[in-house]
Amino acid sequence: MATRVKKKAPDILEEVTKKSDWSQLVEQIQKNPVLYGAGAAFVVLCIIAGLLYRANVRGAHDSEMARYARAMENEDPGLRAAELENVAKGKSDVAALALYMMGEAAFEAKQYDKARDAFERLRKEHPESPNVADAVEGLGNLAENESQYEKALEFYREVAEKWPGTFAARRQDLNIGRCLEHLGKLPEAVAAYQAQVDRFPGTETERQAKNALDRLRKSNPDLFPKAEEKPAEAAPEASSASPEQPTGAAVETAPAEPSSGESAAATAEPAEQDAPAEAPEAADSGAETAQQ
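Printed below as a string of structure tokens:
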């Protein structure tokens, strides 16, 4: 019986030539050269655009810094504020710094409306600027100078509450105490001044707070506890404790002071010694009388 040799089916995977990823990519590029060429050109353009943008930003930043530096060299505060105003346009960090310094220069030049506008713009347009706390304090200064003490208090307290870790926040007790004093709230003002002394020792702010406390102590002594009463109360304790204190010098000098009895005896002894001397004189006078 004839039999057929069973043949193995051809393996398609073995017949297909295995190609690497790179060879497949090359083949695809060859089939679609326009598509891949456009894609490569797009990638190159993006890289070039990114480099140009960074260069442009860097150049703009350097230009802003140069204009800012030139403006800050102006010693006249009014002119300095005008030059800084040209730099303060935009959203960059340099523009935010220029805006704040413009407000400070305008305040120094007594251009208070311009200063207020600069501080408010910084607060709204650059809320993340490290100078916002100082700008809000500047708004408080402007309100205080206009005798709007309640409004100034709001600004000062906002600085202390919103930016507690800033240098500006550490000096707000002095500003708050000053406004409270103007409003006639003297006990609260004293507390604020004292808090400033405790919070910021060794500074000009502390010195001003101490001066304010000294002024109020003279004009309103009833606001302060009388420190002299404490030693008066402690006086009996000092007298009772005096025996325990070393008093060697006093003990040594005590015997040198004669008592009343000793002094009388000492006085009597010279009298007894002088008596015999006087007796002969009296006898001599008697003899002279007898002879006469």
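In terms of this note's numbering, the numbers along the sequence shown are unbroken and rise by one, the last being 320. Ideal Cβ positions, reconstructed from N, Cα and C, are used throughout, including at glycine. Computed from a prediction, not measured in an experiment: that's the story for all the values here.
- As the crow flies, the alpha-carbon of G106 is around 10 angstroms from that of K142.
- When Cβ pairs closer than 8 angstroms are counted between the two stretches, the region 145-163 is seen not to touch the region 171-181, the count staying below three.
- Take L211, set aside five residues on each side of it, and the residues of its chain with a beta-carbon closer than 7 angstroms to its own are Y177, in chain order.
- Contact check between the region 240-252 and the region 208-228: three or more CB pairs, one atom from each, fall below 8 angstroms, which counts as touching.
- A134 is positioned such that its CB atom lies no closer than 8 angstroms to that of E92.
- Sequence-distant partners of E136 (beyond 5 residues in either direction) whose C-beta falls short of 6 angstroms from its own C-beta, in its chain, are P105.
- If the five residues before and after E234 are omitted, its C-beta is found closer than 6 angstroms to the C-beta atoms of V225 and F228, all from its own chain and listed in chain order.
- Residue burial is scored here from C-beta neighbours: G67 has fewer than 16 other C-beta atoms within 10 angstroms and is therefore classed as exposed.
- Counting along the chain, T233 sits inside the alpha helix (DSSP H) bounded by residues E232 to S247.
- Boundaries of the alpha helix (DSSP H) around D121: D121 to E136.
- Looking at Y140, M100 and Q139, the one whose alpha-carbon comes closest to that of A126 is M100.
- In the same chain as A180, and ignoring 5 residues on each side of it, the C-beta atoms closer than 7 angstroms to its own belong to G168, A171, E172 and C207, in chain order.
- Around the C-beta of V164, 16 or more other C-beta atoms lie within 10 Å, and the residue is accordingly described as buried.
- In this structure, G166 places its C-beta atom within 8 angstroms of the C-beta atom of F147.
- For Q58, the number of other beta carbons within 10 angstroms of its own is below 16, and it is reported as exposed.
- The three-state secondary structure of N102, taken from DSSP, is coil.
- DSSP places R227 inside the alpha helix (DSSP H), whose first and last residues are L214 to R227.
- Counting other Cβ atoms within 10 Å of its Cβ, N60 stays below 16 and is therefore classed as exposed.
- A straight line joining the alpha-carbon of F195 with that of Y128 spans about 16 angstroms.
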